[in-house]
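Below you'll find the structure, written out as structure tokens, and then a few comments.
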Amino acid sequence: MKFNKDEFWDTNYYDNPPLTRSMIDLAEKELRIRLPELFISLLHLQNGGYTQGFAYLMNQKTAWAEDHVPLNEMFGIVTEKSFESGHNILQSSYLIKEWGLPENQVAISGDGHWFITLDYRKGEKPSVRWIDVECNEDIHVANSFEFFIDKLITYDEYEQKQIV
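Numbering (this note's numbering), first residue to last: 171 to 334.
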């Protein structure tokens with residue numbers, strides 16, 4: 171995908187507030203990680219919500235599909251405790267405990283049964299993982315968030331590939 175950040179987002183369904191530097195700092199401190207710059211850049215455009223609808227093609231089958239994982243939403247950063255958002259990376263610690271995710275994960279998408287995560291188990295530079303807790307899947311997706319985003323295709327492109 172020739173990546174155009176302006177064509178990444180759809181709606182901010184939970185109406186997450188605009189991202190600030192203090193929100194980023196608090197998230198990185200609380201999660202004890204450094205977020206990828208591209209992730210932060212995307213959140214500056216819209217602090218989480220639904221994307222335009224993307225697929226990341228996989229060589230490995232997942233419980234989701236034979237050949238891809240979806241990115242229909244991406245979590246933002248919401249630091250205000252009274253603000254309820256279903257798109258918030260600061261819920262990652264809770265999700266790790268509640269759903270039995272591996273440690274050192276930052277959930278960036280998912281519905282409770284499956285997640286796409288930034289995986290910090292091997293160090294400061296996260297890889298991207300597909301974790302389906304019901305099907306016991308913990309699958310490597312991409313070596314970096316940048317590579318993951320660069321290789322996304324729209325669902326229209328995905329459907330065209332299926333026709334061919």
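We put the CB at the ideal spot given by N, CA and C, even for glycine.
{"query": "For Val239, the residue or residues it bridges with in DSSP", "result": "Tyr226"}
{"query": "Cβ separation of Phe245 and Asn258, assumed to be a contact under 8 Å, to the nearest whole Å", "result": "6 Å"}
{"query": "Stretch pair the stretch 310-322 + the stretch 223-237: three plus CB contacts closer than 8 Å", "result": "yes"}
{"query": "Residues sharing a beta bridge with Val303, DSSP", "result": "Per DSSP, none; premise fails for Val303."}
{"query": "Nearest-angstrom Cα separation, counted from Ser255 out to Lys231", "result": "31 Å"}
{"query": "Segment contact flag, the stretch 297-304 with the stretch 196-204, C-beta cutoff 8 Å, min 3 pairs", "result": "no"}
{"query": "Completely contained beta strand (DSSP E) runs for the stretch 265-302, where each covers 3 or more residues", "result": "275-280, 284-289 and 297-302"}
{"query": "Distance CB(Lys175)-CB(Leu205) smaller than 8 Å", "result": "no"}
{"query": "Chain B within 8 Å of Glu207, Cβ atoms only", "result": "Absence of chain B from the displayed structure is noted, only one protein chain being present."}
{"query": "Reduced DSSP secondary structure (H/G/I, E/B, other) of His310", "result": "strand"}
{"query": "Whole-angstrom C-beta distance between Ile210 and Val239, which should lie under 8 Å", "result": "Actually they do not touch by this definition, with Cβ atoms about 22 Å apart."}
{"query": "Beta-bridge pairing of Leu322 - partner residues as DSSP gives them", "result": "Tyr226"}
{"query": "Residues that DSSP places opposite Tyr220 in a beta bridge", "result": "Glu243"}
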